[in-house]
Amino acid sequence: MEVTLKYFGQLVDVMGSHEEVRSVKAQNTQELLEHLQAQYAISHIPFQLAINQKLVDAEENVNLNEGDVVALLPPYAGG
Amino acid sequence: MKKVFIEGPISSAFIGDSIAKHQSKTSIGAHNIFLGQVRADEIEGKSVAAIEYSCYEELANEKLHEIREEAFQKFDLICMHIYHSLGTIKTGEVCFFVFVSAKRRKEVYSATEWIVNQVKERTPIFGKEIFEDQSHQWKVNS
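This is how it looks when you write it as C-alpha cells:
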C-alpha cells in the first residue's frame, strides 16, 4: 500500500527529505518502523509517530491503511 | 483557528501593537507577557548564532487549539494569544510570545506559566541550533 511519510527535525537530515509517498509491504506501524530502520540509520534518534495527525503511544502497534499520513516526530523544541 | 506561527522573528513593534489592540477591551485589568528570546548557548566551545524553527503545522495548530481551550477552562481569562516564530531567528531576537489578559492580576501569572509549559511540551515544533561556523545540532527542550 502507499503511505505518505512526513519527517521532522533531525529526521529530515537522515531521510534526506521532508515528505515522501512510499509503497510499503508493512501492515502496521511496527512493520513500517522495521522497514525504515533496515534502510536508514534512525535507530539512535528518539521519535514518536502520528498517524493522520493522531499521536501513537510508543508501545502501541497500529494497523496502517492505504493513504495514511505517518509523521515521525523527534523531541519537541519550541519556545 | 487563531494564527500562531509567524515567519521570522517577533518584532517589538508587533508586541507593542498587540498591547495597544487591547485598549478597547476595558474589562481587562491585568496583562502578563512571556517572551522567549534565542540565547547564544555555548556548546563544546561553539556558540549558537541562530535557531531555525520548523513545525508540523497541522498537528501543531490542533495542539495549540486544545491548549487554548483548556487554558480558558482552567483560568479565568478574558483573552490570550500565542505566537511562535518559524524560520531562522538570530540570537537576541524574540521567537515566542505569550500574552494573557484577565480581570485581575492573580490569574495571569499562573496562566502564563501553564501555557508556556504546555506549548513547549505538546506542540510539535523543532529547532535547529546553527553555530557561528554554520555547523548545526538539533535542539532538545530541557
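Residue numbers (the working numbering), protein chains in the order written: chain Z, 105 to 183; chain H, 422 to 563. Even for Gly, the Cβ is constructed at its ideal location relative to N, Cα and C. In this text the structure is predicted, and so the values were computed from the model without any measurement.
Cβ of residue i within 9 Å of any chain H Cβ
i                        : result
glycine 71 (chain Z)     : Limits of chain Z in this structure are 105 at one end and 183 at the other, which puts residue 71 (chain Z) out of reach.
valine 160 (chain Z)     : no
isoleucine 145 (chain Z) : Going by the sequence as given, residue 145 (chain Z) is alanine instead of isoleucine. Not one chain H Cβ lies under 9 Å of alanine 145 (chain Z).
Environment of residue i [buried if 16+ CB atoms lie within 10 Å]
i                       : result
threonine 447 (chain H) : exposed
proline 178 (chain Z)   : buried
histidine 148 (chain Z) : exposed
histidine 505 (chain H) : buried
glycine 171 (chain Z)   : exposed
glycine 437 (chain H)   : exposed
lysine 423 (chain H)    : exposed
Beta-carbon proximity of residue i to residue j, cut-off 9 Å
i                       : j                        : result
aspartate 497 (chain H) : lysine 524 (chain H)     : yes
alanine 118 (chain Z)   : valine 107 (chain Z)     : It is worth fixing the name first, because residue 118 (chain Z) is valine in this sequence and not alanine. No, Cβ-Cβ distance for valine 118 (chain Z) and valine 107 (chain Z) is not below 9 Å.
glutamine 131 (chain Z) : asparagine 167 (chain Z) : yes
Bridge partner(s) assigned by DSSP for residue i
i                        : result
asparagine 165 (chain Z) : Answer is none; asparagine 165 (chain Z) lacks a bridge partner.
leucine 456 (chain H)    : H:Phe518
glycine 548 (chain H)    : H:Tyr474
CB contact below 9 Å: residue i versus chain Z
i                        : result
threonine 544 (chain H)  : yes
glycine 457 (chain H)    : yes
asparagine 453 (chain H) : no
leucine 498 (chain H)    : no
glutamate 465 (chain H)  : no
Partners in chain C for residue i, counting only beta-carbon separations shorter than 7 Å
i                     : result
leucine 177 (chain Z) : In the structure shown, chain C cannot be found, because the protein chains are Z and H.
Answer yes if the region 512 to 519 of chain H comes into contact with the region 454 to 474 of chain H, meaning at least three C-beta pairs across the two stretches below 8 Å, and no otherwise. Contact between the region 454 to 474 of chain H and the region 512 to 519 of chain H is present: three or more C-beta pairs spanning the two stretches fall below 8 Å.
Does the contact criterion of 3 or more C-beta pairs under 8 Å hold for the region 542 to 560 of chain H versus the region 476 to 485 of chain H? Cβ pair count under 8 Å is three or more, so yes.
Please confirm if the region 448 to 456 of chain H is in contact with the region 525 to 541 of chain H, defined as three or more CB-CB distances below 8 Å between the two stretches. Segments in contact, yes.
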